[in-house]
Structures are given as C-alpha cells and as structure tokens.
Amino acid sequence: MNRRSFTSALISVGLVSTGIAATGCSLVPDPNAQPGTDAAEQVAMTSEITVYRSPTCGCCGLWIEHMEAAGFTVKDNLTEDMTAIKEQYGVPANLASCHTTIVDGYVVEGHIPAEDVQRLLAEKPDVAGIAVPGMPIGSPGMEAGDYVEPYTVFSFTESGETAAFAKHS
C-alpha cells in the first residue's frame, strides 16, 4: 500500500468512527435496548383494534390508515347504527366523535393519534377509554395541510369522570 492509499484508508476509518460517535452508535450492544423497535411500537405490533364506523365516513378510513402505518392490525366494521355502538361501549355523549374503536378492553373514540393509543396500552391506566370529541382539524384523518387545531385527548371512566390524557396543537 502506498502512502496516498494508506492516508485515504486512515481518513475513511476516521470519518466512519466520527459518524458512529456523532450518532450515538456503539459497537457494544446496549443490554437494555429493545430489539429493532421501541416499547410503544411493540405494543402496536401486538394489538388488534376493532373499528366501528359509518360506511360513508371518509375521515375514518384515513384514521385507520394512520393506525395501520403505526403498526396496528385493524378489524374494520361498517355499521349504520353508530349510536348503538357508542351506547354499548359507554362513550359519554360529550366525548363522542365519528368512529369508535375497541382495543385491549379500552374504548378509543375519535381521531386520536396512534402515539396516544400506544401510551394507553403501555401504561394501562384504570379508565374505560380515551376520546377526542368532535373531529378536530389536523388530528389523524382530519389533516388540512400544516394547520392543526389545538385539541385534547380525554380519558374517561365508566362512571363518566374525565381528565386530560394528552394535548395536541
């Protein structure tokens, strides 16, 4: 190997080493790391959600695509009687939206971001479910360019108590 080739090889090794250090990578595996995915993504990958929605609602289909992109398996149920579904699962009237989802015993009402559903399933709080009332612009399935109407995801209990679960803007 001539001097120029040797210098080029040293520079290449230096650049690779610098890149590893700059990105926080290590040649020694982290014993606490989850293989290939984080805990929230693992929750999604092992969770099937059952969505009840009107066959004429396009935004519900977009929300389903959002959830599938996050790793959830979706069972899509079309129904004309969403009022009966909401009553069956105890969705408070003041928290109602266009579609109702059941996952791991929880009710997920409306256009809730996948990250909030993943958090619900990971933390397993003592609530009946979470909900986004109405159809806030900018929530998953209700996108309108870069505009996001501030909205709150509420948790609710079987007795109807509510609390803020997450805020988005």
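According to the working numbering, the sequence shown is numbered sequentially starting from 11. Think of the CB as a built atom: it goes at the ideal place given N, C-alpha and C, for glycine as much as any other residue. This structure is a prediction, so every number in the text was calculated from the model and none was measured.
Proximity winner among Arg129, Val117 and Cys69, relative to Thr101 (alpha-carbon distances): The question names Thr, but residue 101 in the sequence shown is Val. Selected option, being the one with the closest Cα: Val117.
C-alpha gap between Glu153 and Cys69, whole angstroms: Near 9 Å, if we compare the C-alpha coordinates of Cys69 and Glu153.
Where Ile74 sits in the DSSP three-state scheme: In the structure shown, Ile74 sits in a helix (DSSP, three-state: H, G or I).
Minimum C-alpha distance to Lys177 - residue among Glu168, Ser107 and Gly148: Minimum Cα distance to Lys177 is reached at Gly148.
Leu88 classed as buried or exposed, judged by whether at least 16 other C-beta atoms fall within 10 angstroms: Counting Cβ neighbours within 10 Å, Leu88 comes out exposed, since fewer than 16 surround it.
8 Å contact criterion, which Pro160 and His121 should meet: CB distance rounded: About 14 Å separates the two Cβ atoms, so there is no contact after all.
Buried or exposed (CB count within 10 angstroms, at least 16 for buried), Gln44: Because Gln44 carries a pLDDT of 38, less than 50, the predicted location of this residue cannot be relied on, and no value is offered for it.
Coil, strand or helix - Thr162 by DSSP: Shown here, Thr162 sits in a strand according to DSSP, grouped into three states.
Gly139 versus Cys108, Glu171, Pro146 and Gly155, residue with shortest Cα-Cα distance: Of the listed residues, the one whose Cα sits closest to Gly139 is Glu171.
Span separating the alpha-carbon of Ser64 from that of Ser57: Cα-Cα distance, rounded: 23 Å.
8 Å Cβ cutoff met for Lys96 and Ala80: No, these two residues do not count as a Cβ contact at 8 Å.
8 Å Cβ cutoff met for Glu119 and Ala141: Their beta carbons are under 8 Å apart, which means Glu119 touches Ala141 by this criterion.
Cβ neighbours of Leu130 in the same chain (closer than 7 Å, five flanking residues each side left out): Closer than 7 Å at Cβ, skipping near neighbours: Tyr116 and Ile140.
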